[in-house]
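The sequence shown runs 783 to 1041 under our numbering.
Data first, discussion second: the structure below is written as C-alpha cells.
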Amino acid sequence: MLDKKIYNLLFLLLISNSNIRAETLHIASDIWCPYICDNKKAPGILVEVLNEIATAKKMTVNIEVISLSRSLIMASRSEIDIVLAVTKSHITDHKLQSSNQYFGGWQNDLYISKNVDWSPNKLNDLDAFLNSGKTLGIIKGYDYGPYINSLKSKYTDNIFQATGDSPLTKNIEMLQKGRISALLDYRYNIQYEVNKNNIVDLIYARSEGGFVPLFLGYSPTILPEVINSIDDGLDLIRRKGILSTILEKYGVSDWQNQI
C-alpha cells in the first residue's frame, strides 16, 4: 500500500500577483488507476499532473487516499481542499466549487467473464438484464449518469456497490469469482488493471452512453485564485508537452480530444 496512503509532494506555494498564503493543499481520492494508483513509480495520471502543476506554480500539495464518498463529504465540510476525478453532479450535489478545465474523463464500459454461459447481447438492455436476476458491479459514490443511477434505485439487490480505497480491484475480483455477472467502469481503468495483473479471463462487452468529462472538486472555502492557477497550470503542461508524456506512460489519450 502507499506509505500511510499519502503522497507528499512538497513545493513552496507562491502564486505571483496574488495574496494567497503559502499553505498546503490537501487533496483526496480513492485508488482508480491509471488516474490515481497505488504505485510509487507510477502513481497515476492525476497525481503526476498535479505534481507537475505544483512544480510550475510553486505550490505544496498533499494527496491522501480516501474513498470517494467520504472525500466528497470532507470537501463539502472544508476538511480537505480538492477531490479528484468528479463529475458535475458530484460538484452540484455536494455544493463544491469546480475546476473550469477537465481533468480526465469517464465512460460507462461493461465487462464480463469469458466463462459466462449467456450471450453478451443480454447487456444491450441493462434493465432486462438486471430484471432477469443478473448482477452488476459498480463503485459506491460514483456518478454513472441518470440511466444507471435509476437502475441503482430499482435493482438494489442486483447491484453490488464496491467500497474502500481500491473498489475497482474488488469488483474485478468479484467478477472473476462469478459473484457478479458484469462489471461497469471506464475501459482505460479496467484495461490498466487487466494488463498490470495479467488477467486473461475478462472481456469488453459494450459501452453505455457517451464520454463524461471529470473535474477537480474544490471545497467551498478555496479561493478562486487557486482554482484559476491550477487550471492555468494544466494549460501550461499541455502546451509544453508534459501532459502528453504522462499520458503516453499510462497508455491513455488526451481527454480534451474526446469531448
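Where is the CB? At the ideal position from N, CA and C, for every residue including glycine.
Computed from a predicted structure; not experimentally measured.
How big is the Cα-Cα spacing for residue i and residue j?
{"i": "Ser989", "j": "Pro902", "result": "12 angstroms"}
{"i": "Asn1010", "j": "Arg859", "result": "21 angstroms"}
{"i": "Tyr974", "j": "Ile827", "result": "12 angstroms"}
{"i": "Asp1004", "j": "Gly1015", "result": "Checking the displayed sequence, the identity of residue 1004 turns out to be Ile instead of Asp. Near 17 angstroms, if we compare the C-alpha coordinates of Gly1015 and Ile1004."}
{"i": "Lys823", "j": "Tyr986", "result": "28 angstroms"}
{"i": "Ile1028", "j": "Lys1022", "result": "12 angstroms"}
{"i": "Tyr970", "j": "Leu866", "result": "17 angstroms"}
{"i": "Asp947", "j": "Leu966", "result": "17 angstroms"}
{"i": "Ile930", "j": "Ser853", "result": "22 angstroms"}
{"i": "Thr837", "j": "Glu830", "result": "11 angstroms"}
{"i": "Asp899", "j": "Ala857", "result": "44 angstroms"}
{"i": "Ser935", "j": "Leu996", "result": "23 angstroms"}
{"i": "Leu832", "j": "Asp1013", "result": "10 angstroms"}
{"i": "Val1008", "j": "Asn906", "result": "44 angstroms"}
{"i": "Asp1017", "j": "Phe885", "result": "11 angstroms"}
{"i": "Ile981", "j": "Asn913", "result": "29 angstroms"}
{"i": "Lys904", "j": "Glu805", "result": "52 angstroms"}
{"i": "Thr951", "j": "Ala964", "result": "14 angstroms"}
{"i": "Asp909", "j": "Asn821", "result": "37 angstroms"}
{"i": "Arg803", "j": "Thr938", "result": "Confidence at Arg803 is low in this model, with a pLDDT of 39, below 50, so the placement of that residue should be treated as unreliable; the coordinate-derived value is given next. Distance between the alpha carbons of Arg803 and Thr938 is about 47 angstroms."}
{"i": "Trp814", "j": "Tyr968", "result": "10 angstroms"}
{"i": "Glu861", "j": "His876", "result": "13 angstroms"}
{"i": "Glu1030", "j": "Thr874", "result": "32 angstroms"}
{"i": "Glu955", "j": "Lys839", "result": "40 angstroms"}
{"i": "Lys978", "j": "Asn953", "result": "16 angstroms"}
Beta carbon of residue i, beta carbon of residue j: below 8 angstroms?
{"i": "Ile818", "j": "Ile1019", "result": "no"}
{"i": "Ser881", "j": "Leu998", "result": "yes"}
{"i": "Leu918", "j": "Ile962", "result": "yes"}
{"i": "His808", "j": "Asp863", "result": "yes"}
{"i": "Ser851", "j": "Gly923", "result": "yes"}
{"i": "Gln1048", "j": "Val994", "result": "Only positions 783 to 1041 of the chain appear in the structure, and residue 1048 is not among them; the question remains open."}
{"i": "Gly927", "j": "Gly887", "result": "no"}
{"i": "Leu957", "j": "Leu933", "result": "no"}
{"i": "Ser1035", "j": "Leu878", "result": "no"}
{"i": "Asp925", "j": "Thr869", "result": "yes"}
{"i": "Pro825", "j": "Tyr1032", "result": "no"}
{"i": "Ala810", "j": "Ile855", "result": "no"}
Go to residue i, then tell me how far its alpha helix (DSSP H) extends in each direction, as first and last residue.
{"i": "Tyr970", "result": "Arg969 to Lys978"}
{"i": "Leu1029", "result": "Ile1024 to Tyr1032"}
{"i": "Glu955", "result": "Pro949 to Gln958"}
{"i": "Leu850", "result": "Leu850 to Ser858"}
{"i": "Ser901", "result": "No alpha helix (DSSP H) holds Ser901; DSSP gives it neither H nor E."}
{"i": "Leu933", "result": "Pro928 to Lys936"}
Relative to the ligand ADP, is the shortest distance from any of its heavy atoms to the C-beta of residue i smaller than 7 angstroms?
{"i": "Val994", "result": "Although the ligand ADP was asked about, the structure shown includes no ligands whatsoever."}
With which residues is residue i paired in a DSSP beta bridge?
{"i": "Ser880", "result": "Gly999"}
{"i": "Ala944", "result": "Ile921"}
{"i": "Glu990", "result": "Asn890"}
{"i": "Ile1012", "result": "For Ile1012, which the question treats as bridged, DSSP gives no partner whatsoever."}
{"i": "Ala910", "result": "Partner(s): none; Ala910 has no beta bridge."}
{"i": "Trp814", "result": "Ile818"}
{"i": "Ile985", "result": "Ile894"}
{"i": "Leu965", "result": "Tyr893 and Gly919"}
Which two residues bound the contiguous beta strand (DSSP E) that contains residue i?
{"i": "Ile864", "result": "Ile864 to Val868"}
> Using 8 angstroms as the threshold, is the segment 931-948 in touch with the segment 906-918, meaning 3 or more CB pairs across them?
Replying inline: Here the segment 931-948 lies against the segment 906-918, with 3 or more beta-carbon pairs under 8 angstroms apart.
> Between the segment 886-897 and the segment 842-854, do at least 3 Cβ pairs fall closer than 8 angstroms?
Replying inline: The segment 886-897 is not in contact with the segment 842-854.
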